Amino acid sequence: MDSALIPKGVKRCPFWQFALFIGIAGIIALWGVYAMFLCWFKALNQTNMNDYYGFALWIWADLAVIALGGGAFFSGFLKYVVGKDELKNIINYAVLIGFICYSSALLILAIDIGQPLRGWFIFWHANVHSMLTEVAFCLSCYFAVLTIEYIPLILENRQIDKIPFFHNLSHNMHAIMGVFAATGAFLSFFHQGSLGGVAGVLYGRPFAYREGLFIWPWTFFLFTWSAAAYGPCFTLTLTKLIEKVTGKKLVKDNVIDLLAKISGWMILTYMVAKLIDTLYWGAVLTPQAGFRFADFYSNNAFYGQWILFLELFLGGIVPAIILTNKNMRQNSTLLTLAIILGCVGVCTNRWAMVCQVMAVPVLPFEQWQLYIPSWQEVATTILPVAYGAILIGISYRYLPVFPQERELNPIDGVASIELDDAHAEQGKLQPALA
Amino acid sequence: MFPFCFEWAWDMSHIVFMGGLWYALSIIGAGMTWCILKTINDTMKADDTSHH
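Chains S and B supply the protein sequences, listed in that same order.
FYI, in the working numbering the residues of the first sequence are 19 to 452.
FYI, in the working numbering the residues of the second sequence are 4 to 55.
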């Protein structure tokens, strides 16, 4: 039915199967859209946010998808600026994931501000003393960069590519993609950092407050570092997932291994910095603020030291050890475990820096404030997942996302047709050669 | 926000923040403008060649 749109030389599932997948994801997305409109039309009383929780599930989801989407900027930086050319075989997918993550982050912010029609105020009436203004600027600009990086992939669709203007546009955009990738890396460095900076400058919240370098608390650098370290883990996790779903190998092992190795060393160095930060915070900053380390992890029903164990050990040290060790990294099961744990680790970090910060009592008469999101918050947080599944499904079906797919999954029929074409070409040439 | 807006102040915060935004937007805008102009040029050249 849609075979004219499917890239040459690859096999896709029947259309009804694809339509069923899109339909199921679409129903989930519609549930999220319904909750989104409830939040817009009936206001934020639809959520369980309150005076304690100005930041809640949405901001955690926002920070988490931005960190996980960091694979796009870091892979782009490695390919176009550092010159790791092997990554060209996974960069399209990294860009697609980044595009989904950043558009989701902007969508979540559009719901969170309550009145999206006033979203442009942050640009026109900018509060130049706020780190969040810088985050908004860089997020928007980087989303524009990701869109520019995604457009050439769309233009490479079999039918669109036949139009000379689009064919040339795709070629010219590829030619200067390095400029866009470098701009994206610059923008990402600042907005990832400023998201961490927001927590680090909360001097009234000893759980998050950190010292730093000039105006930037250490959390600024830790957030940027962790996004660059863990972002590729998410790219690899989704690559493994799509390979499992399609039952095909889509990226060669050397490409996976390279990205996993770089991610592993980034996680290892990040963990050294993070452990120093945690020890200094626990041993020096916490007593200075009149607290004991245990105060942040006791006398409540949810936040125990398990969260620290999950973030630093299971989500940090374990993936760092696996990914930096060649033998362990080349074991498929261990690799999958490490990249999934990496994603869990960075999401746990963002949860602690958003929700645990709000939960910890800071005054003697306060209690722990635990928070359970409303269904509207849950639905709008699941919305980006459904949207992501739809976009990945459509892109995978109609666009050449994985350049190595044809080589890794040859189709007999196509291969023989191509062989016949080649013979025909040879046949034409033979008289001239003779 | 532009310097002609009533909220504008010629201080370091405004210059750095807004300057950074315009700088990034300029690079993105100039890059895309170059791509589109070159594409128009390439496409027209190809058309000319095919007519002959």
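Ideal Cβ positions, reconstructed from N, Cα and C, are used throughout, including at glycine.
Nothing here was measured: the structure is a model prediction, and the numbers come from that model.
Handout entry: Assigned secondary structure, PRO182/S (DSSP; H/G/I helix, E/B strand, else coil)
Key = In this structure, PRO182/S counts as helix in the three-state DSSP scheme.
Handout entry: Chain-ordered neighbours of MET191/S on chain B, where CB pairs are closer than 9 Å
Key = Neighbours of MET191/S on chain B, chain order: GLY34, MET35, CYS38 and THR42.
Handout entry: Three-state class that DSSP yields for PRO235/S in the structure shown
Key = Of the three classes helix, strand and coil, the one that applies to PRO235/S here is strand, per DSSP.
Handout entry: Test: ASP45/B CB closer than 8 Å to a CB of chain S
Key = Closer than 8 Å: yes.
Practice task
For SER138/B, go through chain S and note every residue whose CB falls closer than 9 Å to its CB, in chain order.
Solution key: Not covered by the structure: residue 138/B. The range shown for chain B is 4 to 55.
Handout entry: Of the listed residues ARG223/S, VAL163/S, THR255/S and HIS209/S, nearest to TRP243/S (C-alpha basis)
Key = Distances from the alpha-carbon of TRP243/S to those of ARG223/S, VAL163/S, THR255/S and HIS209/S put HIS209/S closest.
Practice task
Determine the direct distance from the alpha carbon of ILE429/S to that of LEU326/S, and round the result to whole angstroms.
Solution key: Counting only the Cα atoms, ILE429/S lies some 49 Å from LEU326/S.
Exercise for the section: Please say whether PHE91/S and LEU124/S have beta carbons closer to each other than 8 Å? Expected result: No, the Cβ-Cβ distance between LEU124/S and PHE91/S is not below 8 Å.
Problem - GLY50/S - DSSP class collapsed to helix/strand/coil - result: DSSP places GLY50/S in the helix class (H, G or I) of the three-state scheme.
Problem - Chain-order list of residues whose beta-carbon lies under 7 Å from that of LYS250/S (same chain, five-residue window excluded) - result: Inspection of the sequence shows that residue 250/S is occupied by Pro rather than by Lys. So the qualifying residues of the chain are GLY89, PHE92, SER93, LEU277, ILE280 and SER281.
Handout entry: Closest Cα partner of TRP37/B within the set ASN186/S, GLY87/S and PRO32/S
Key = Sorting ASN186/S, GLY87/S and PRO32/S by C-alpha distance to the C-alpha of TRP37/B places ASN186/S at the top.
Practice task
For LYS446/S, decide whether its Cβ has a neighbour in chain B, counting only Cβ atoms nearer than 8 Å.
Solution key: With a pLDDT of 43 at LYS446/S, under the threshold of 50, the modelled position of this residue cannot be trusted; read the value that follows with caution. No, no contact with chain B.
Exercise for the section: Using a Cβ-Cβ cut-off of 8 Å, state whether PHE20/B counts as contacting chain S. Expected result: At least one chain S Cβ lies under 8 Å of PHE20/B.
Problem - Within chain C, partners of HIS147/S - CB distance below 8 Å - result: Included in the structure are the protein chains S and B, with no chain C among them.
Problem - Option in ALA79/S, VAL273/S, ALA246/S and TYR98/S with minimal Cα separation from THR398/S - result: Measuring C-alpha to C-alpha distances from THR398/S to each of ALA79/S, VAL273/S, ALA246/S and TYR98/S identifies ALA79/S as the nearest.
Handout entry: Proximity winner among VAL378/S, GLN394/S, PRO418/S and LEU409/S, relative to TYR70/S (alpha-carbon distances)
Key = From the listed residues VAL378/S, GLN394/S, PRO418/S and LEU409/S, the smallest Cα separation to TYR70/S is found for VAL378/S.
Problem - Rounded C-alpha distance that separates GLN394/S from LEU75/S - result: C-alpha separation (whole angstroms): 11 Å.
Practice task
Could you tell me which of VAL51/S, ARG424/S, ILE77/S and PRO418/S sits nearest to LYS267/S, measuring between CA atoms?
Solution key: That would be ARG424/S, whose Cα lies nearest to the Cα of LYS267/S.
Practice task
On a CA-only basis, which of ILE118/S, TRP58/S, LYS102/S and HIS143/S is nearest PHE7/B? Give me that one, please.
Solution key: Taking PHE7/B as reference, the option from ILE118/S, TRP58/S, LYS102/S and HIS143/S with the minimal CA-CA separation is HIS143/S.
Practice task
With DSSP collapsed to three states, give me the class of GLY222/S.
Solution key: GLY222/S falls in the coil class under three-state DSSP.
Practice task
Can you say whether GLY101/S is buried or exposed, counting buried as having 16 or more other CB atoms within 10 angstroms of its CB?
Solution key: Around the Cβ of GLY101/S, a 10 Å sphere holds fewer than 16 other Cβ atoms; the residue is exposed.
Exercise for the section: Identify the continuous alpha helix (DSSP H) that holds THR354/S and give its terminal residues. Expected result: 350 to 369 is the span of the alpha helix (DSSP H), which, as asked, contains THR354/S.
Handout entry: Endpoints, the alpha helix (DSSP H) within which ALA108/S is located
Key = Residue identity check: residue 108/S is Ile in the sequence provided, not Ala. Here ILE108/S belongs to no alpha helix (DSSP H), and DSSP marks it neither H nor E.
Exercise for the section: Return helix, strand or coil for GLY322/S, following the three-state DSSP convention. Expected result: Annotated three-state conformation of GLY322/S is coil, per DSSP.
Problem - For ALA338/S and ASN19/S, the rounded distance between their alpha carbons - result: At residue 19/S the sequence reads Met, which differs from the Asn that was named. Near 46 Å, if we compare the C-alpha coordinates of ALA338/S and MET19/S.
Handout entry: the ligand MN heavy atom lying under 7 Å from the CB of ILE233/S
Key = Inclusion of the ligand MN in the displayed structure is not the case, the ligand content being empty and no account of it being possible.
Problem - Under 8 Å between C-beta atoms of VAL380/S and GLY222/S - result: It is a contact, given that the beta carbons lie within the stated cut-off.
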